[in-house]
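Taken in order, these protein sequences are the chains called R and G.
Position 103, counted from 1, in the first sequence is what my numbering calls 103; the numbers after and before it change by one each time, with no gaps.
For any residue, its number in my numbering is found by taking its place in the second sequence, counting from 1, and adding 114.
Some notes on the structure that comes next.
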Amino acid sequence: ETGVTQSPTHLIKTRGQQVTLRCSSQSGHNTVSWYQQALGQGPQFIFQYYREEENGRGNFPPRFSGLQFPNYSSELNVNALELDDSALYLCASSLRDRGRNEQFFGPGTRLTVL
Amino acid sequence: DQQVKQNSPSLSVQEGRISILNCDYTNSMFDYFLWYKKYPAEGPTFLISISSIKDKNEDGRFTVFLNKSAKHLSLHIVPSQPGDSAVYFCAEKFTDKLIFGTGTRLQVFP
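The structure is reproduced here in structure tokens:
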């Protein structure tokens, strides 16, 4: 069974640029959630995708957007990067249909905005 | 606004003793609470969960207690091992999202 993978591991961007982060969900999972973890904080929910549709969104501006593909992998796109976007971005996959509660996380992508 | 609070940023425990990590919450309309462990450079790893209809759940060395009247839950690790040294997050599952606390860094020393 393949776990959740994310790419790239690290990324450095400058203010105003755009970035795309990628996530492959665990085998058999149909739901992907994205979280932002700032230094010294817990992960904060950005949004969730289920069967290629956005299924819930946290308190993040529209410049944070996402996609889920038919194979359940996902992308997080951030436009017009700001310094405060520097954080660890975590992807988590889960199997929603069976009412399971656990979300399984990938190792994250460390984004630095200069 | 749902909030989950872990008021102790760090905890140091001797190997073999009990580790108790605490979490307080404000929202009574939750489905589940979950505990995650996080090592540096890794994503959070699921440990144990508890539903709103229970007050205790046990899995090996890990036990979670839920006190709904006090809006408080705790994670007990017995006996503590050096490999348990990590940051522990409690998380509330509300609809389909997880709301995390700020974490407690546990250090288990020999």
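Glycine included, C-beta positions come from ideal geometry on N, C-alpha and C.
Per DSSP, the beta-bridge partners of Leu67 of chain R are R:Glu75. Between Lys185 of chain G and Tyr139 of chain G a beta carbon distance of about 5 Å is seen, short of the 8 Å cut, so the two are scored as contacting.
DSSP, reduced to helix, strand and coil, places Asp173 of chain G within a strand of the structure shown. Across the structure, Val4 of chain R and Ser65 of chain R are spaced so that their CA atoms are roughly 20 Å apart.
In the DSSP assignment, Asp84 of chain R falls outside any beta strand (DSSP E) and carries neither an H nor an E. Distances from the CA of Tyr35 of chain R to each of G:Phe223, G:Ile213, G:Val222 were compared; the closest alpha carbon is that of G:Ile213. The beta carbon of Glu172 of chain G sits no closer than 8 Å to any beta carbon of chain R.
C-alpha of Leu220 of chain G to C-alpha of Ser33 of chain R: approximately 27 Å in a straight line. Ile132 of chain G is not a Cβ neighbour of Val178 of chain G, given a cutoff of 8 Å.
In chain order, Asn77, Val78, Asn79, Ala80, Leu81 place their CB closer than 8 Å to the CB of Gln18 of chain R, counting only its own chain and leaving out the 5 sequence neighbours on each side. Assigned with DSSP and collapsed to three states, Asp138 of chain G falls in strand.
When the alpha-carbon of Pro43 of chain R is set against those of G:Asp169, G:Gln128, G:Glu206, the nearest one is in G:Glu206.
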